[in-house]
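K.L.:
Structure provided below as structure tokens; questions to follow.
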Amino acid sequence: MGDEKKKQGFSRRTFLKGSALTSALGTSLNENEAEAKTSTPLQLGPNDAPLSLTVNGRKRKLSISADETLVEVLRDRMGLTGAKVGCDRGACGACTVLVDGLPRASCLTLAMDMAGHTVETVEAIGGKSGLSTLQNAFIQQDAMQCGYCIPGFVVSAEALIRRKPDATRKDIESALSGNLCRCGSQPHIVEAILEVLEESGNP
Amino acid sequence: MKKTYEELLGPEWDLRPVPGTAPAKDEPQIWDGTAQLKHVGAPIPRLDGKEKVTGAAKYTTDIQLEGMLHAVVIRSPYPAGKIEELNLQDVKKASGVKAIHEIVAVGANLRYEGQPLVAVAATSLSRAKRAAALAQIKIQPTPHVTSVDAAMDPNGPLVYPSAAVSPGKGRLPIQGNLRGPATGGRRFQSEGDVELAFKEADLVQERYFDTPVQTHSCLEPHGSVVQPLDNGGLQIWTSTQSISSVVRDVARAFEIPRSKVRVLAHFVGGGFGAKFGAGQHTIMAGHLALKTGKPVRLILDRREEHLCGGNRPSSQQQVKLGWSKEGRLTGLSVMSHGTAGVGTGAGVAAPFHMIYPCPHRKTLEYDVFTHAGAAAAFRAPGHPQGVFALEGMVDLAAQTMKLDPIELRLLNDEHPVRREQWKRAMTLFEWKEKRKRWPTREEGAIVRGVGAAASVWYNIVQNRVGATVEVYNDGSVRVLTGVQDIGGGIRTVVAQVAADALHVPIETVRVELGDSLLPEGPGSGGSKTTASLTPAIHSAAHMALQKLASFAAPVLGVLPDDIEFRDGFVLTQNGSTRISFKDLCRSMPADRVVGHGERKEDRPGILNSPLKEHIQLGKIIAGVQMVQVAVDTQLGIVRVEDVLAIHDCGRVMNPLQAQSQVNGGVIQGLSYALYEERRLDPIEGKMLNPNLESYRIAGVADLPNISVHLTNTYSGRSSTGAMGLGEPATVPTAAAVRNAIYHATGAFMTSLPMTPRKVIEALHKEGS
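Respectively, the protein sequence lines represent chains L and Y.
Take any residue in the first sequence, note its place counting from 1, add 715, and you have its number in my numbering.
Take any residue in the second sequence, note its place counting from 1, add 13, and you have its number in my numbering.
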């Protein structure tokens with residue numbers, strides 16, 4: 716998992732503790748891109764610093780503290796509370812968002828590292844009509860109970876369907892293995908995803 | 014006797030109400046098996062589904078208020094210790110800090126890792142965390158006990174210096190760290206002479222079982238946002254299973270009238286028993302809010318959640334069963350020790366009393382105090398543990414007697430519904446074929462097998478909870494109830510019941526819940542929400558209809574009693590005249606008609622039946638589960654492949670949501686069977702896995718095929734006939750998984766979780 720690469724940029728852990736931890740727990744980031752964006756170490760803090768990023772199609776300019784995670788910025792500064800904090804260390808997937816189209820644990824992502832990237836949260840998954848086909852399938856299949864983990868599942872599943880329209884049950888299991896649901900809604904979640912895949916003409 | 018009883022049962026146990034259950038004037042006709050309902054019983058998708066899949070649903074953790082402060086808690090890093098110094102000067106001076114609330118003082122004894130010491134409120138979460146790190150707290154660690162065995166050593170350290178300060182004092186004897194024995198519960202008592210029974214039995218078997226501490230691990234942690242109000246009261250958003258219990262605790266803690274406490278819980282991210290009462294976090298946030306005059310938010314993090322958010326106690330059970338050669342259970346004894354940490358509630362005996370009749374029975378339950386966070390109710394307290402042991406002993410006896418395990422159960426189980434469930438399960442699961450087909454080595458090291466276990470739970474009802482139904486003059490409907498929906502789906506069920514009771518389309522019904530200003534709803538625990546609330550909704554709708562009938566009577570030229578509501582119409586009983594429901598509403602003298610309903614005590618229903626009380630339908634809830642496993646005999650990995658779950662919840666209100674809940678019970682059960690265990694460092698006494706990567710819970714790749722069947726039974730005990738489902742669905746799973754491993758490998762596992770290491774050990778033991 717390229718410890719060297721990680722040391723050059725910053726992750727939340729390196730920033731906070733000054734030691735590199737392999738953050739294999741979260742969903743993996745696009746290594747090449749991460750390297751390109753963070754190859755020059757930045758000196759930020761302790762005061763707020765400017766950040767511009769694209770969230771749900773809108774360019775945003777913010778002034779944030781360098782230790783703020785993406786999920787904190789989304790939730791506390793932008794009011795986008797769909798992504799939840801379940802464990803704050805990339806183990807539960809409740810905070811999953813899409814960064815440049817790929818699922819990512821926003822609790823393990825420093826917001827500053829998102830400069831120039833495109834972030835999509837569950838609030839935007841439904842587009843203008845409000846509900847994507849997948850979200851609608853979640854509702855019809857009752858793919859939820861308490862619902863707290865569901866935004867994370869929706870985002871992970873949406874990413875899978877977009878990048879692999881011919882995904883199999885195995886692919887679904889693999890794509891969702893970073894998302895935990897304590898109520899046990901996974902059977903209906905898998906059914907909902909399979910239904911969408913089948914309806915779009917794929918096995 | 015059974016025959017007399019079963020004569021009452023039609024297809025699907027469609028019970029007609031027995032004489033004496035005619036409704037009072039203010040009560041609706043009960044919905045029996047013949048009731049024609051449009052919405053109740055239909056697989057209606059969750060009404061709040063859109064909010065949940067779009068992220069619009071606001072949970073407590075999502076509440077953000079103007080000027081809100083963020084609080085963190087400084088906690089004990091040791092399982093036991095004494096506070097020698099508590100210097101908070103630097104914390105107070107730190108940037109952004111607005112208030113501090115000290116929970117303990119110098120000299121205080123600490124009894125568990127994670128015990129709250131000081132709460133700090135600051136203008137942001139990171140400021141609060143940085144400030145908390147500046148506290149100078151000197152704690153002298155003292156000797157601790159974190160295992161049951163160590164805690165029972167009479168010369169070991171005591172969790173409580175004397176019985177006088179122990180929890181649960183006065184109800185049972187306390188000696189050292191040992192509290193008990195309890196010899197029965199509120200519902201059951203030991204009976205007969207077990208020693209004599211064992212002496213006379215044809216087969217006596219004894220085994221020792223142990224089960225771990227399991228944490229609830231709700232995805233939304235405990236948390237509250239407390240806002241001081243101008244009138245001296247408090248408004249609280251909190252993640253709770255019981256809004257009214259939070260009102261009660263907060264009013265008590267701050268000595269303010271309950272009328273000035275408002276508690277809100279529109280969306281709750283799971284509970285499973287851990288979220289009753291205000292909890293320390295709410296009280297701490299309340300103190301900080303009152304000190305600063307500002308709203309304060311305090312959300313536990315995952316580590317705190319594991320350490321002090323509650324848990325299922327461990328158990329160590331010495332179990333002995335005696336059988337006659339005819340296969341009847343003649344004697345049963347259990348001695349259990351378990352730890353609920355610094356709390357109580359580790360008993361496991363209830364299922365030993367509830368499933369099988371047995372003339373001689375003795376159960377002794379002990380709580381063992383240890384230096385660890387207190388347990389809380391957890392989805393069927395005591396039951397998964399007890400059933401894991403009991404249902405294993407039944408399979409063990411069946412093996413010795415060379416009987417099919419289900420046949421042996423049918424020789425003993427008198428519950429009419431469970432008997433029927435077993436028969437259906439054998440067919441649906443192709444039980445006999447699979448028992449015969451396996452175990453055979455199919456793919457190298459993999460062996461397969463099937464096992465089963467019985468479920469049992471009480472039909473619990475919270476009486477006197479209420480609901481209000483408002484019918485507006487445009488025909489729209491609003492239902493008001495202070496219940497909270499923790500994921501079971503009561504929001505949707507309330508709308509279904511109101512729609513059918515008013516004979517209107519569900520689209521016209523809006524449900525308001527999750528607010529203590531609304532009529533008191535039931536707590537969501539004991540699997541009682543639906544059973545308690547739906548009759549109150551039905552009654553409230555009935556009261557509203559009675560008022561509407563009085564408006565309709567002159568219009569239709571008949572007496573109110575001769576009016577019927579059907580399919581959006583109001584008509585005379587002979588059907589000669591009718592007007593639409595909407596037109597009638599337009600003629601209301603006010604903007605709305607209001608009906609209020611209350612949950613009354615259960616009607617006798619079929620309790621008039623001559624069957625032994627404890628197995629009467631509608632009093633004890635039955636279920637059965639069958640499981641197919643594949644065991645890798647070289648690696649010890651168990652894979653649960655198929656589960657058949659047949660459960661009874663009285664009238665099935667919403668089969669889609671009911672299926673979700675049973676899936677959840679099964680998955681939690683298999684997670685408990687195979688993966689979950691709170692691990693404490695044997696030397697340091699600290700939790701080793703207070704997170705979600707090393708405290709493993711079942712994920713999407715661990716899932717079996719789960720087939721859910723629900724047996725509609727209409728007990729006639731309430732006007733809706735709903736009973737509980739959440740807890741019974743998780744009770745038998747771990748036991749059934751173990752029984753399937755037993756069938757597959759011949760190794761009889763007695764310790765949870767059944768990790769690869771334990772499976773391999775058991776296989777070696779079996780092989781030797």
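Virtual Cβ for every residue (Gly too), placed ideally from N, Cα, C.
#1: Tell me, which residues are paired with Y:Y221 by DSSP?
#2: With Y:T251 as the anchor, note down where its beta strand (DSSP E) starts and where it stops.
#3: Can you tell me where the beta strand (DSSP E) holding Y:K151 begins and where it ends?
#4: Given that L:I865 touches chain Y, what residues does it touch there, using C-beta distances under 7 Å?
#5: Counting pairs of Cβ atoms below 8 Å between the segment 275 to 288 of chain Y and the segment 519 to 534 of chain Y, do you hit three or more?
#6: Is there at least one Cβ from chain L nearer than 8 Å to Y:R652's Cβ?
#7: Can a CB atom of chain Y be found closer than 8 Å to the CB of L:L891?
#8: Could you tell me whether any Cβ in chain Y is nearer than 8 Å to the Cβ of L:E906?
#9: Decide if the segment 477 to 484 of chain Y is in contact with the segment 544 to 556 of chain Y; the criterion is three or more beta carbon pairs, one per stretch, under 8 Å apart.
#10: Quick one, are the C-beta atoms of Y:C321 and Y:L342 less than 8 Å apart?
#11: Nearest to Y:A107 by CA position, among Y:N100, Y:V131, Y:A141, is which residue?
#12: Could you tell me which whole beta strand (DSSP E) segments of length 3 or greater appear in the segment 290 to 371 of chain Y?
#13: So, is the C-beta of Y:F391 closer than 8 Å to a C-beta in chain L?
#14: Identify the continuous beta strand (DSSP E) that holds Y:R724 and give its terminal residues.
#15: Buried or exposed for Y:E98, please, with buried defined as at least 16 other CB atoms from any protein chain shown within 10 angstroms of its CB.
#16: Do you know how far the Cα of L:L825 is from the Cα of L:K720?
#17: How long is the line joining the alpha carbons of Y:N100 and Y:A148, rounded to whole angstroms?
#18: With three or more beta-carbon pairs closer than 8 Å as the criterion, would you say the segment 356 to 376 of chain Y touches the segment 710 to 727 of chain Y?
#19: Taking DSSP as the reference, what is the three-state secondary structure of Y:M666?
#20: Against chain Y, does L:S726 count as a neighbour if the rule is that its beta carbon must be under 8 Å from one of theirs?
#21: Beta-carbon within less than 6 Å of Y:A793's beta-carbon, same chain only, minus the 5 sequence neighbours each way: which residues are those?
#22: Return the Cβ separation of Y:L82 and Y:P308 in integer angstroms, given the expectation that the two are a contact with Cβ distance under 8 Å.
#23: Between Y:V653 and Y:A393, what straight-line distance do the alpha-carbon atoms span, to the nearest angstrom?
#24: Specify, as a first and last residue, the run of the beta strand (DSSP E) that L:P818 falls within.
#25: Determine, using beta carbons only, whether L:S882 comes closer than 8 Å to chain Y.
#26: Just how far apart, CA to CA, sit Y:S257 and Y:A84?
#27: Of all the CB atoms in chain L, is at least one closer than 8 Å to the CB of Y:R59?
#28: When we look at the beta-carbon of Y:E318 and count the other beta-carbons within 10 Å, is it buried (16 or more) or exposed?
#29: Counting along the chain, where does the alpha helix (DSSP H) carrying Y:S450 start and finish?
#30: What is the residue span of the beta strand (DSSP E) that Y:M736 lies within?
#31: Could one say the Cβ of L:M859 lies closer than 8 Å to chain Y's Cβ atoms, at least one of them?
#32: Please classify Y:I696: is it buried, with 16 or more other beta-carbons within 10 angstroms of its beta-carbon, or exposed?
#33: If you drop the 5 nearest sequence neighbours on each side, which residues of the same chain put their C-beta closer than 7 Å to that of L:N786?
#34: Taking the alpha-carbon positions, what's the L:G808 to Y:A402 distance?
#35: Could you tell me the distance, in whole angstroms, from the CA atom of Y:Q559 to the CA atom of Y:A553?
#36: Residue ranges of each beta strand (DSSP E) run of no fewer than 3 residues wholly in the segment 103 to 162 of chain Y, ordered along the chain?
P.N.:
In short:
#1: Y:Q331
#2: 247 to 251
#3: 149 to 154
#4: K65, V66
#5: yes
#6: no
#7: yes
#8: no
#9: yes
#10: no
#11: Y:A141
#12: 309 to 312, 328 to 336, 342 to 351
#13: no
#14: For clarity, residue 724 of chain Y is Thr in the given sequence; the question names Arg instead. Where Y:T724 is concerned, the enclosing beta strand (DSSP E) stretches over 718 to 724.
#15: exposed
#16: Here L:K720 scores only 39 on pLDDT, less than 50, and its place in the model should not be relied on; the value that follows carries that caveat. The straight-line gap from Cα to Cα measures roughly 16 Å.
#17: 6 Å
#18: no
#19: coil
#20: Residue placement at L:S726 is flagged as unreliable, the pLDDT there being 45, under the threshold of 50; the coordinate-derived value follows with that caveat. No - not a single Cβ of chain Y is within 8 Å of the one on L:S726.
#21: Absent from the structure is residue 793 of chain Y, since the part of chain Y shown begins at 14 and ends at 781.
#22: 7 Å
#23: 22 Å
#24: 817 to 820
#25: With the sequence shown as reference, residue 882 of chain L is identified as Ala, and Ser is not the correct amino acid for it. L:A882 does not count as touching chain Y.
#26: 24 Å
#27: yes
#28: buried
#29: Inspection of the sequence shows that residue 450 of chain Y is occupied by Arg rather than by Ser. Unbroken alpha helix (DSSP H) run through Y:R450: 444 to 450.
#30: Careful: Y:M736 lies outside any beta strand (DSSP E) and carries neither H nor E.
#31: yes
#32: exposed
#33: The question names Asn, yet the displayed sequence has Val at residue 786 of chain L. A798, V800, C810, S821, C822.
#34: 35 Å
#35: 10 Å
#36: 110 to 115, 129 to 135, 149 to 154
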